[in-house]
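Numbering (the UniProt record's numbering), first residue to last: 1 to 902. Glycine is no exception: its CB is placed at the ideal position from the N, C-alpha and C atoms.
Below is the structure:
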C-alpha cells in the first residue's frame, strides 16, 4: 500500500467534509486502517497493493447548501496508479482540470457523467491513450468536438450526451475501430452523417438523437453488422428509410422518430426478427403497414404515431404476442379495428387515437388482461359505449369520444367500475344530466375530461374535494358558482371550464391553489373583480378570463408570477388604465373589448418578450408616435377602434417581428411611412407552425396539457368580414389594416416589397395619388381594399400577376381607365367594388372601354358589308316570295286546275 495514495485520499476527504460541513461522509476512510479496506476503494492484488480503482459516484448530496467545485479533485491526481475513476453524479462545478487528469496516464475507465463541468474538453485529456471507457454525459460542456477524440486507439465506449457540443461530428471519431458504444445524443450537433461512419465495424450501440443532424440516411448504416441499438430520433433527417437498415439481423432497438422521413415502410422490416422496439413516430411516412411486421415476434414496442399511414391494422399483428405498447395515433387509418387486437395478451398501452377508425369498439379488447392505457378518442367510432370497458380491472387511463366520434353514452346505464383510473377522458360522448357520481369512486383519478357534453347542474362538492391535477369541463351547460373547496388543492394544474354558464364572483381563496398552470374560464357569466389572491398562483402560465362580466379597475399584481406568458382579459367590463402588473416574460396580452382608457403605458417596453398586444375596441388615447412600444419581438399589434391620434412614426420599422398591424378605426393623420416596407416579417414567406410557440415544450409535450390548452382567435377584418385567425397559426398570416383614419398623402411604392402580405386595407382615409405599380409584387396578397379615398389614375396592369387575389375594392375614388385583365383580375366582377369612380371601364363591370370600340373606317366597311348582304338577300328573296304567294293563292282559288298538263 502506498502511503502517498493514502495521504491523497485523506486529503480529499478532509477537503470534502470541510466544504460540505459534514462529518458523515466517507466514514470508513480512517487514517488508522489500510486504505485498501476502505469503502469505494479497490487496490491491486500485487504485493505493493497500489490503489487502482476509486468508485466515488454520488458521494456529494444532490441538494448541497454550497457548491462543490472541480478543484476538490486535486488530491486524487497524485494517485498515478489509478485505472478506474468514477466521479459521476456529484454535480461538481467548474472546468475540467486538464493538468490533473494528464497525470493519470494509466486510466482505462473514466466516468464523469452527471456533473456540472463547463467549458470544453481540455487538450491534456487526449494524452490518456489507455482509455477504453469515457463517459462525460450530462454536463455543461460546450464548443466543437475536437478531432483528437479519434486518438484513443483502445476506446470501446464514448458517451458525450446531454451537453452543449455543437458543429459537425469530426470524422476522426469514425476511425475508432474498437468503438462499440457511441452516444452523442442531446447536443447541438449539425451537418450530415459522413459515409466514413461505416469505419466503426464493431459498433453495437449508436445514439445520435436530439441534435440538428440533417441529410438523407445512407446505406452505410447497413454496415454495422453487430449493431444492437440505433437511435437517430429528433433530428432533421429526410428522405426514405434505407433498405440496408433491414439487413441488421442483431438489431433490437430502432428509433427514427421525430424526423422528416418520407416514403413507405418496406416489407423488408420483417427481416429484423430480433427487434424489440421500433419507433417511427413523428415523420411523414405513408402507405399501409406491411403484413410482414407480424414476423417481428420479439417486438415489445411499436410506435408509428403522427405519420400519414392509411388502410387498416395488419391482421398479422396478432403474431406479436409479446407486444406491450402499440401506438398508431394521428394517422389516417380508416378500416374497422380488427378483433385480432384482443389476441395480444401482454398489451399494456394501446393508442389508436386521432384516426378515422369506424364501427364499434371491438369486444375483444376486454381480453387484454394487462391493459393499462386505452386511447380511442378522436375517431369515427360509433354505437353505444360498452359498459364492459369499466370492468377492465387493470385499466388506469381511458380516453374515448372526442372530435368526430359517434359514440353514444347510455345515460341510464348503471356503472360500477372495477378499475382504479388515473386519467379519464370522455369528451363528446353525449353525456347529459349531472356529472356522473360514479366518478367519485375513482380515488386515484388525477385527470378528468368531460368536455363537449350536455352536462347540467352545478360543480359538485364531491368533485371539488378530490385531489385532481387536471379538470376539463368546457363546453357544457354547467351553472352556478365555483365551490371555494376546489382551490384548497395543491395538486391542481389545469382547470378548464370555458363555455358554460358558471356565474358569481371567483372565490377569494383561488390563490391557495398555487400549483395551477392553466386557468381557462372564458365565455361564462363570472362577475366582480379578479381576486387579488390570484397573484399567489406562482406557477400560472395561461390565464383566460375572456368573455365574462368581470369589472373594476384594480388587478392582482402578477409581477412575481414569472411563468405567466398568456393573459386574456378581453370582452369584459374592465375600466381604468391598462394593467401592467405582469411578469416580464409575458408574451400575450389580450385586453380587447373592454373600457380601458388613457395612453398606452410607456412601461410596455419592459415586456421584452411580448409577441401579441391586442387592445381593440377600448378607449385608448394619445399620440401613436409617442405611445408605440418599441419591442422587437412584437408580432401582433391591434389597436382597432380606439381614439389614438398622431401619426405612424418611421421607427415602426424597428419592430422587426411585426406581421399583423391593425390600427383601423382611430384618428391617425399624416402619411404612410415608407419604412413599413422594411418589416422583415411582412417580407419573407412565413412557415407553417408545427408547435405551440406560446408555451414551453415541456408543457405542450405532455399530453394532458396539449389536449386541453386552447388560445382565443385573433379577430381581424379579413377579406371584408370580421373573422378569427387561429392563434396557434398566427405566424402564417401577415396583415396591414390602416382603414378608417384620416391618413393622407400617397401610398409609398416601397410597400410592394411586402411579399408575404395577405391583406392590405387602407380604405376610408384621404389618400391621394395613384395605386403603385409595385403592388404587382405582392405575390401572397389575397385582399386589397383602397375604397373611399381620393386615388386617381389607372389601376395598374401589374395587379394581374397576383395569383392569390380574391378581393379588390377600389370603389369611391377618382380612378379612370380600363380595369386590368388577365389572371385573377378576370374574376373581379363585384360591381360594388368599382362604383363611384370617374371613369372606370372593362368587362368586369360590363362597360366597354373607348379603346375597345372599333374606329369609324372599320364601321363603314362593316356597314357596306351589311348593305350588300341585305340587297343580295332582296334579289334572292323577291322571286321566291312572289311565286310562294301565287302558289298559296292558287291553292285557295283552285287556280291549279288551269295547269293540268297531265
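Using 10 angstroms around the beta-carbon of residue i, count the other beta-carbons present and answer buried if the total reaches 16, otherwise exposed.
i, result
"residue 308", "exposed"
"residue 803", "exposed"
"residue 496", "buried"
"residue 530", "buried"
"residue 820", "buried"
"residue 382", "exposed"
"residue 603", "exposed"
"residue 740", "buried"
"residue 455", "buried"
"residue 608", "exposed"
"residue 513", "buried"
"residue 758", "buried"
Can you give the Cα-Cα distance for residue i and residue j, rounded to whole angstroms?
i, j, result
"residue 311", "residue 175", "45 Å"
"residue 805", "residue 764", "21 Å"
"residue 611", "residue 735", "15 Å"
"residue 316", "residue 438", "39 Å"
"residue 639", "residue 598", "13 Å"
"residue 929", "residue 479", "Examination of residue 929 is not possible in this model, given that the chain is present from 1 through 902 alone."
"residue 25", "residue 108", "27 Å"
"residue 332", "residue 216", "26 Å"
"residue 117", "residue 139", "5 Å"
"residue 642", "residue 760", "20 Å"
"residue 710", "residue 542", "9 Å"
"residue 742", "residue 825", "29 Å"
"residue 843", "residue 827", "10 Å"
"residue 234", "residue 258", "5 Å"
"residue 334", "residue 356", "5 Å"
"residue 829", "residue 845", "6 Å"
"residue 112", "residue 559", "40 Å"
"residue 814", "residue 792", "5 Å"
"residue 226", "residue 753", "57 Å"
"residue 265", "residue 287", "7 Å"
"residue 4", "residue 81", "11 Å"
"residue 243", "residue 254", "13 Å"
"residue 295", "residue 267", "10 Å"
Output yes or no for whether 8 Å exceeds the beta carbon distance between residue i and residue j.
i, j, result
"residue 262", "residue 280", "no"
"residue 564", "residue 590", "no"
"residue 127", "residue 155", "no"
"residue 672", "residue 748", "yes"
"residue 737", "residue 662", "yes"
"residue 365", "residue 342", "yes"
"residue 211", "residue 187", "yes"
"residue 70", "residue 96", "yes"
"residue 380", "residue 404", "yes"
"residue 788", "residue 808", "no"
"residue 141", "residue 121", "yes"
"residue 548", "residue 581", "no"
"residue 359", "residue 336", "yes"
For residue i, list the residues DSSP reports as bridge partners.
i, result
"residue 159", "135 and 183"
"residue 718", "721"
"residue 816", "839"
"residue 216", "238"
"residue 454", "432"
"residue 51", "43"
"residue 109", "84 and 133"
"residue 636", "612 and 660"
"residue 93", "69 and 116"
"residue 423", "397 and 447"
"residue 780", "BP columns for residue 780 are empty, so no partner."
"residue 532", "Answer by DSSP bridge pairing: none, since residue 532 is not bridged."
"residue 623", "645"
"residue 494", "470 and 518"
Just checking, does the segment 629-640 make contact with the segment 653-664 on the three C-beta pairs under 8 Å criterion?
yes
Okay, do the segment 464-471 and the segment 484-493 touch, 3+ Cβ pairs below 8 Å being the bar?
yes
Any chance the segment 716-726 sits against the segment 645-652, with 3 or more Cβ pairs inside 8 Å?
no
Inter-stretch contact at 8 Å, needing at least 3 Cβ pairs: the segment 47-58 / the segment 93-105:
no
Taking contact to mean at least 3 C-beta pairs separated by less than 8 Å, is the segment 163-175 in contact with the segment 218-229?
no
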